[in-house]
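A.B. asks: In our numbering, the protein residues as written are 1181 to 1644. We put the CB at the ideal spot given by N, CA and C, even for glycine. Pasting a structure below so you can have a look.
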RNA sequence: GGUCCCAUCGUCUAGUGGCCUAGGAUACUGGCCUCUCACGCCAGAGACACGGGUUCAAAUCCCGUUGGGACCA
């Protein structure tokens, strides 16, 4: 049997990391078994669904590299299919019209609550065999005796007592089908073999299984993956900060890092931490998914991102970094120059955004001088040494790290300086800050002209 | 409130009855490297929620308690 999985986001918000992980697991499972991965847009909620969200979700999936084999299907274009299925249930006596008004139901609900009972539909219209009527809802005739078992691939068998169920609504009074109904019809008609979804859906599963059976479809295998939680251990949401995949892109994360991180949230493979996409496809297995919820912890994502930045070739990083440099408003430069800049920054930056921020002095005509640093290190006593350094640099045809270091050491000795103090003086001169990549690499990247200029400007400002 | 799920270092996790004096990763602390900061390397601290069973032996199996979460309302 060919494996078919799906990812069914509803376009009422952005693609958040929880959804992305669900998509990833479905995608990996399908790829691992050479199956099919389907994208289905659940846009039955016409009021809250927005085209921009559809586009955002698609963009997010593409950025992560989770390509689908079929779709996107839109539920809003499948209404005929749902209608046909409802008619079939009606004709077979497995569903019925219900005239109970919301007010009546509300009253009964309150009564039940008052008696300490579970508020469920009491079946008033179940056997009345009512004809269609505008404004009436359609209910599914649930099996209310016995048990329904969900054989979950992650949790094992979960047994539900059917007496907990009631005749739930499959078509609202406005004629639209409900979520649990369309999901089942879609999954069944699309031939989904494995439903991998968040375990917040576990409680929906028994009623869905009953519907599969009523419709004459074999239920798929279910795998309910644990939730992703915020640091406060509640379901991850916007109020925990960045939750949307595209926001992580804006913050300078690499898709490889996010994928790796998401994969390891709830899934593991011994002690291994680093996985390429290809490796994940080979090694992914539902049996290695854990049962307990995981806290989304950005520190580890940052570490992974730093790792992937170090691993990515400079040429590729340059292309990725360019948009961030533009956003910072730096004057544009050659790709060759950016590549050299990156080489000095790639072990220091944890995100592309951070890298762009650390790179300001490479691109700006004049560095942004930190006044405290200037005050502390660009002192009169250091001036002669700086002067001599400038003189030596001017005498070089091109800047070379080894030669620069040699000159640096010579001058330190000659003026009996602490290497640290002289280095910091040069650093502040060139970068405006006390923290930067290695001095000699900074100088070679900047080039003789810029280095000379910055030295001259600073020397003018230091009082004798 | 009802139903369901879950429970190993702060966090992600390894662990499927003896290999556990509980391993790895991250974060943290200290050291080395060193022109600063990173990187890298070395070291340290840090967990089986609790209580009962089962067993020669339990982090691992069973029951209960507690705690957390989700769904429904």
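Could you check what DSSP says for residue 1252 in three-state terms: helix, strand or coil?
C.D. replies: Here residue 1252 sits in strand by DSSP.
A.B. asks: Distance check for residue 1320 and residue 1151, CA to CA, integer angstroms please.
C.D. replies: The requested residue 1151 is not part of the displayed model; the chain covers only 1181 to 1644.
A.B. asks: Cα separation between residue 1228 and residue 1250?
C.D. replies: Cα-Cα distance, rounded: 25 Å.
A.B. asks: What three-state label does DSSP hand residue 1217 in the structure shown?
C.D. replies: It is a strand residue.
A.B. asks: Do residue 1494 and residue 1523 count as a contact pair if the criterion is CB distance below 8 Å?
C.D. replies: Contact: yes.
A.B. asks: With distances taken between CB atoms, is the gap from residue 1230 to residue 1191 smaller than 8 Å?
C.D. replies: It is a contact, given that the beta carbons lie within the stated cut-off.
A.B. asks: Pairs of beta-carbons, one from the region 1194-1210 and one from the region 1359-1369, closer than 8 Å: are there three or more?
C.D. replies: Contact fails: fewer than three Cβ-Cβ distances are below 8 Å.
A.B. asks: Quick check on residue 1477: buried or exposed, where buried means 16 or more other Cβ atoms within 10 Å of its Cβ?
C.D. replies: Its Cβ having fewer than 16 others within 10 Å, residue 1477 is exposed.
A.B. asks: Using only the alpha-carbon positions, how far apart do residue 1624 and residue 1517 sit?
C.D. replies: Those two C-alpha atoms are separated by around 11 Å.
A.B. asks: DSSP on residue 1351, reduced to helix/strand/coil?
C.D. replies: Residue 1351: strand per DSSP, three-state reduction.
A.B. asks: Residue 1409 by DSSP, collapsed to three states: which one?
C.D. replies: Three-state result, residue 1409: strand.
A.B. asks: Does the region 1520-1537 come close enough to the region 1569-1576 to have 3 or more Cβ pairs within less than 8 Å?
C.D. replies: No, because fewer than three Cβ pairs between the region 1520-1537 and the region 1569-1576 fall closer than 8 Å, the two stretches do not touch.
A.B. asks: Got a sec? Which residues, its chain only, sit under 7 Å from residue 1333 by beta carbon, not counting five neighbours each side?
C.D. replies: Closer than 7 Å at Cβ, skipping near neighbours: 1401, 1402, 1403, 1466.
A.B. asks: What's the C-alpha gap between residue 1160 and residue 1417?
C.D. replies: This structure cannot settle anything about residue 1160, because the visible part of the chain is limited to 1181 through 1644.
A.B. asks: Locate the beta strand (DSSP E) running through residue 1374, then write down its first and last residues.
C.D. replies: Residues 1374-1378.
A.B. asks: Pick from 1441, 1384, 1614, 1373: whose alpha carbon is nearest that of residue 1408?
C.D. replies: Ranking the options by Cα distance to residue 1408, first place goes to 1441.
A.B. asks: Put residue 1332 into one of helix, strand or coil per three-state DSSP.
C.D. replies: Strand at residue 1332.
A.B. asks: Touch check for the region 1636-1644 and the region 1612-1619: three-plus C-beta pairs under 8 Å?
C.D. replies: Too few Cβ pairs lie closer than 8 Å, so no.
A.B. asks: Measure how close the beta-carbons of residue 1318 and residue 1277 come, nearest whole angstrom, since I'm counting them as under 8 Å.
C.D. replies: Confirmed, Cβ separation roughly 6 Å.
A.B. asks: Among all the DSSP beta bridges, which residues are the ones paired with residue 1404?
C.D. replies: Bridge partners of residue 1404: 1377.
A.B. asks: List the DSSP bridge partners of residue 1243.
C.D. replies: Paired residue(s): none; residue 1243 is not in a bridge.
A.B. asks: Sort 1431, 1271, 1438, 1356 by Cα distance to residue 1505 and report the nearest one.
C.D. replies: Nearest option by C-alpha distance: 1431.
A.B. asks: Whose CA, out of 1225, 1520, 1387, 1210, lies closest to the CA of residue 1499?
C.D. replies: It is 1520.
A.B. asks: With a CB to CB cut of under 6 Å and the five nearest residues on each side skipped, what residues in its chain are close to residue 1223?
C.D. replies: Closer than 6 Å at Cβ, skipping near neighbours: 1191, 1229, 1254, 1255, 1256.
A.B. asks: Where does residue 1325 land, buried or exposed, given buried means 16+ other C-beta within 10 angstroms?
C.D. replies: Under this definition residue 1325 is an exposed residue.
A.B. asks: Tell me which residues share the same chain as residue 1447 and place their Cβ nearer than 8 Å to its Cβ, disregarding the 5 neighbours each side in the sequence.
C.D. replies: Excluding positions up to five away in sequence, the list reads 1205, 1464, 1468, 1469, 1470.
A.B. asks: Determine, using beta carbons only, whether residue 1304 and residue 1386 come nearer to each other than 8 Å.
C.D. replies: Not a contact, by the Cβ cut-off of 8 Å.
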